[in-house]
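For the sequence shown, the positions run 47 to 283 when this note's numbering is used. Think of the CB as a built atom: it goes at the ideal place given N, C-alpha and C, for glycine as much as any other residue. Remember, predicted model here, so these are calculated numbers, not experimental data. Please read the structure below before turning to the comments.
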Amino acid sequence: MGRAFEYRKARKFKRWGMMAKTFTKIGKDIALAVKSGGPDPESNGRLRAIIQNAKAANMPKENVERAIKKASSKEQEDYKEITYEGYAPHGVAVVIETATDNHNRTVANIRSYFNKLGGSLGTSGMLDFMFDRKCVFRIAAADVDLEELELEMIDYGADELMLDEESGEIVIYGDFTAFGAIQKFLEEKKFDIRQAEFERIANDYKELSEEEAADVEKLLEKIEEDEDVLNVYHNMK
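In structure tokens, the structure reads:
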């Protein structure tokens, strides 16, 4: 069947792998949300948002329901949220959010990735000053006046609204602590929420050459492959 078939097959397996990784991440997010706020989406805003994200990722409804049921049972692993910070090659700052049931395994893996690929794992909190924690919502942009909505949402903790022309969605950035207020406003106004999550946004970016960027990408890809890793943030431009 030739090289073209092999290439398509490789891409398909990579896509399936990414989908499996996404579903695993959502499953852990559900477990953490249920642990902190209970299994009822009506009273648990964080869980409600994760279910919306699962829908956007095309995660089957039965998978979501199974994850919620498991998270409420005694068979659920006891995940802990742990953040690691360090520097990739060429001084790029990296923050890694994990959910793990074995801290020793996770920190050993993360440290080995840094050591083998020219970085260094640091101490918790050392990069806080370099990243702003934000809540980020994506909503359908149909029939929405962006300027009018922005004026209205300032009172609910929104910092910035912008139109993502590629996806056709409005992206809303707010303070980390404003998640609940913004979510409640959007739900009460019947906006179509496509995604809701937390992000760490670098307040300054480091510009690298193509070769230097490739060194950093090798480390980031290795970290992202780890099953305990939920999110990876960096300040590479």
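Grab me the residues of residue i's own chain with a C-beta within less than 7 angstroms of its C-beta, minus the 5 sequence neighbours each way, in chain order.
| i | result |
| --- | --- |
| R179 | F222, F244, R246 |
| A227 | Y202, G203 |
| I200 | none |
| R157 | L167 |
| I96 | I72, D75, I76, A79 |
| V275 | I142, T144, I269 |
| L192 | L207, L209, I216 |
| H136 | L254, E258, D261, V262 |
| D124 | D147 |
| V138 | K252, V262, H280, N281, M282 |
| V17 | Since the first and last residues shown for the chain are 47 and 283, residue 17 lies out of range. |
Applying the criterion that 16 or more other CB atoms from any shown protein chain within 10 Å of the CB defines a buried residue, is residue i buried or exposed?
| i | result |
| --- | --- |
| F183 | buried |
| G132 | buried |
| K235 | exposed |
| G171 | exposed |
| D75 | buried |
| L173 | buried |
| R92 | buried |
| A188 | exposed |
| N161 | exposed |
| L232 | buried |
| L195 | buried |
| A100 | buried |
| G214 | exposed |
| T152 | buried |
| N104 | exposed |
| F177 | buried |
Please return the same chain residues whose Cβ sits closer than 6 angstroms to the Cβ of residue i, not counting the five positions on each side in sequence.
| i | result |
| --- | --- |
| F59 | Here the model assigns F59 a pLDDT of 38, short of 50, so the residue's position is not dependable and the matter cannot be decided. |
| A134 | V140, G165, V262, L265 |
| E102 | One detail in the question is off: residue 102 reads as Ala in this sequence, not Glu. Excluding residues within five positions, the ones whose Cβ falls inside 6 angstroms are R240, Q241. |
| F237 | I185 |
| G220 | C181, G203, A204, D205, I228 |
Can you list, in chain order, the residues of its chain whose CB lies under 8 angstroms from that of residue i, leaving out five sequence neighbours each side?
| i | result |
| --- | --- |
| Q98 | I239, R240, Q241, A242 |
| Y251 | N281, M282, K283 |
| V278 | V140, V141, I142, E143, L266, I269, E270 |
| S89 | G83 |
| K126 | A145, T146, D147, H149 |
| Y159 | G165, L265, K268, I269, D272 |
Can you round the beta-carbon distance between residue i and residue j to whole angstroms, since I take them to be within the 8 angstroms contact cut?
| i | j | result |
| --- | --- | --- |
| I216 | I185 | 5 angstroms |
| A117 | P85 | 7 angstroms |
| E273 | T70 | 6 angstroms |
| C181 | A248 | The Cβ separation is near 16 angstroms, so there is no contact. |
(message) What ranges does the alpha helix (DSSP H) occupy inside the region 208-244, keeping only unbroken runs of at least 4 residues that lie completely in it?
(response) 225-234
(message) I want to know whether the region 103-119 touches the region 142-153 - three or more CB-CB distances under 8 angstroms.
(response) no
(request) Could you pull out every unbroken alpha helix (DSSP H) segment of at least 4 residues lying fully inside the region 117-162, listed in chain order? (result) 149-162
(request) Could you tell me which uninterrupted beta strand (DSSP E) segments, each at least 3 residues in length, are contained entirely in the region 158-187, listed from first to last along the chain? (result) 177-186
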